[in-house]
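In our numbering, the protein residues as written are 1 to 292.
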């Protein structure tokens with residue numbers, strides 16, 4: 001029997017039912033020489049739009065990265081957390097052009113400043129001048145709503161290192177990470193104070209979230225590290241930075257902790273949503289062979 005060949009392909013549309021409702025997908029079909037069209041891959045339209053933004057910016061993605069991104073979007077939608085996100089930086093493509101793109105939308109494209117190194121494992125600031133301006137103003141985006149932020153760290157902590165992400169006007173804060181060169185995560189979400197936890201490692205998905213007028217939490221790899229109390233007041237009306245904290249327009253406490261493999265900014269998440277988000281992100285990192 002001869003081997004079947006292929007004529008051409010086309011992209012059609014389809015629907016899939018998820019826990020959060022019906023979701024539209026693009027589906028790629030190949031036409032065999034016998035005239036039959038066979039579905040090959042479901043491509044979520046939001047994933048496809050992200051691929052387009054990366055290409056338009058001059059970046060490229062491998063097929064493995066594209067598949068990982070597509071599955072991440074599908075998983076986040078199935079868990080009902082996609083709509084909560086404002087900015088998702090998957091740190092894929094091994095270039096500034098690709099890593100600056102926001103998976104969630106065409107808004108809040110990042111701007112890299114100073115020294116950075118880009119590879120298939122993520123983006124690494126040089127520890128002295130490197131930071132990314134997300135161009136997202138939390139006061140404008142969240143108003144009086146509750147927010148979350150998170151990052152995936154791949155490099156083992158060494159005493160004296162720092163990784164802080166966020167913004168402050170000197171009074172109100174929206175930031176999280178590791179400060180003072182010790183393995184003690186902290187977070188501040190729309191308040192003028194912070195809570196500090198304890199940990200034995202820094203690697204993996206660190207997720208900070210506000211769940212109420214005075215309830216803030218921080219998880220690392222789905223384990224609660226901070227169950228804190230902060231009175232909500234407001235968010236600074238300044239842009240949010242990654243790998244540094246924006247203090248009235250000036251980057252401070254620049255990160256020297258190594259590779260960043262993911263960063264998000266979004267609405268506040270429940271415990272269940274935080275747990276599901278970890279599962280989705282860890283699966284994403286595993287597909288890319290850069291999980292910790």
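For each residue, glycine too, the CB sits at the ideal point set by N, CA and C. Source: prediction; values computed, not measured.
### Beta bridge counterpart(s) of residue 149 as assigned by DSSP
The count along the chain shown starts at 1 and reaches residue 149 at position 149. According to DSSP, which records beta bridges pairwise, residue 149 is partnered with 208, 265.
### Query
Should residue 378 be labelled buried (16 or more other beta-carbon atoms within 10 Å of its own) or exposed?
Missing from the structure shown is residue 378; the chain here goes from 1 to 292 and no further.
### Task
Just mark residue 63 as buried or exposed, buried being the case when its beta carbon has 16 or more other beta carbons within 10 Å.
On the chain shown, position 63 is the one that residue 63 refers to. Per the 10 Å Cβ criterion, exposed.
### Query
By Cβ distance below 8 Å, which residues in the same chain neighbour residue 140 in space, the five residues on each side in sequence not counted?
Reading the chain shown from its first residue, position 140 is the one you call residue 140. For residue 140, where only same-chain residues beyond five positions count, the Cβ hits under 8 Å are 237.
### Query
Using CA coordinates, which residue listed in 199, 288, 136 is at the minimum distance from residue 222?
For the purposes of this step, residue 222 is taken as residue 222 along the chain shown, with counting starting at 1. The candidate whose alpha carbon is nearest that of residue 222 is 199.
### Message
Within a Cβ cutoff of 6 Å, which residues of the same chain sit near residue 225, ignoring the five residues on either side of it in sequence?
### Response
For the purposes of this step, residue 225 is taken as the residue at position 225 of the chain shown. Apart from the 5 residues on each side of it in sequence, residue 225 sits with its Cβ closer than 6 Å to the Cβ of 185, 197, 199, 218 in its chain, given in chain order.
### Message
Just to confirm the assignment, what range does the beta strand (DSSP E) spanning residue 119 have?
### Response
By one-based count along the chain shown, residue 119 stands at place 119. 116-119 is the span of the beta strand (DSSP E), which, as asked, contains residue 119.
### Query
Does the beta-carbon distance from residue 239 to residue 144 come in below 8 Å?
Mapped onto the chain shown, residue 239 falls at position 239. Mapped onto the chain shown, residue 144 falls at position 144. Contact: no.
### Task
On a CA-only basis, which of 248, 157, 130, 101 is nearest residue 173? Give me that one, please.
Residue numbering aside, residue 173 sits at position 173 when the chain shown is read from its first letter. Out of 248, 157, 130, 101, 248 has the C-alpha closest to the C-alpha of residue 173.
### Message
Considering Cα atoms alone, identify which of 289, 291, 284 is closest to residue 69.
### Response
Mapped onto the chain shown, residue 69 falls at position 69. Check the Cα spacing between residue 69 and each of 289, 291, 284: the tightest is with 284.
### Message
What does the Cβ neighbour count give for residue 147, buried or exposed, with the cut at 16 atoms within 10 Å?
### Response
Here residue 147 refers to the residue found at position 147 of the chain shown. With 16 or more other CB atoms across the displayed protein chains lying within 10 angstroms of its CB, residue 147 is buried.
### Query
Is residue 293 helix, strand or coil by DSSP?
The displayed coordinates of the chain run from 1 to 292. Any statement about residue 293 would go beyond what the structure contains.
### Query
If residue 124 and residue 134 are in contact, beta carbons under 8 Å, what's the gap, nearest whole angstrom?
Looking up residue 124 in the chain shown gives position 124. Looking up residue 134 in the chain shown gives position 134. Contact check for residue 124 and residue 134: beta-carbon distance about 17 Å, past the 8 Å limit, so the pair fails to qualify.
### Message
For residue 109 and residue 75, I'd like the C-alpha separation in whole angstroms.
### Response
The residue you call residue 109 lines up with position 109 of the chain shown. The residue you call residue 75 lines up with position 75 of the chain shown. Each residue's Cα considered, the two are about 23 Å apart.
### Query
Relative to the alpha-carbon of residue 80, which residue among 243, 270, 188, 103 has its alpha-carbon at the smallest distance?
In the chain shown, counting from the first residue as 1, residue 80 sits at position 80. Distance check between residue 80 and each of 243, 270, 188, 103 places 270 closest, using alpha-carbon atoms only.
### Message
Applying the 10 Å Cβ sphere with the 16-neighbour rule, what's the burial state of residue 121?
### Response
Start at 1 with the first residue of the chain shown, and residue 121 comes out as number 121. Classification for residue 121: buried.
### Query
What is the DSSP secondary structure of residue 67, reduced to helix, strand or coil?
The sequence position of residue 67 within the chain shown is 67, counting from 1. Three-state DSSP puts residue 67 in a helix.
### Message
Considering just the uninterrupted stretch of the beta strand (DSSP E) at residue 178, what are its terminal residues?
### Response
Against the chain shown, residue 178 aligns to sequence position 178. Taken as a continuous stretch (DSSP letters only), the beta strand (DSSP E) holding residue 178 covers 173-178.
### Task
List the residues that DSSP assigns as beta-bridge partners of residue 251.
Residue numbering aside, residue 251 sits at position 251 when the chain shown is read from its first letter. Bridge partners of residue 251: 246.
### Message
Can you give me the C-alpha to C-alpha distance between residue 55 and residue 214, rounded to a whole angstrom?
### Response
One-based indexing of the chain shown puts residue 55 at position 55. One-based indexing of the chain shown puts residue 214 at position 214. Roughly 43 Å separates the two Cα atoms.
### Query
Is it right to say residue 138 is buried, meaning 16 or more other beta carbons lie within 10 angstroms of its own, or is it exposed?
Within the chain shown, the letter at position 138 stands for residue 138. So residue 138 ends up on the buried side.
### Message
Considering just the uninterrupted stretch of the alpha helix (DSSP H) at residue 52, what are its terminal residues?
### Response
As a first step, residue 52 is located in the chain shown; it is residue number 52 there, counting from the start. Per DSSP, residue 52 belongs to the alpha helix (DSSP H) from 45-56.
#### Entry: Pair within 8 Å by beta-carbon distance, residue 259 and residue 163
For the purposes of this step, residue 259 is taken as the residue at position 259 of the chain shown. For the purposes of this step, residue 163 is taken as the residue at position 163 of the chain shown. Not in contact: residue 259 and residue 163 (Cβ atoms no closer than 8 Å).
### Message
So residue 85 and residue 242 are supposed to be a Cβ contact under 8 Å. How far apart are they, rounded?
### Response
For this step, residue 85 is matched to residue 85 along the chain shown. For this step, residue 242 is matched to residue 242 along the chain shown. No, residue 85 and residue 242 are not in contact; Cβ-Cβ is about 15 Å, not under 8 Å.
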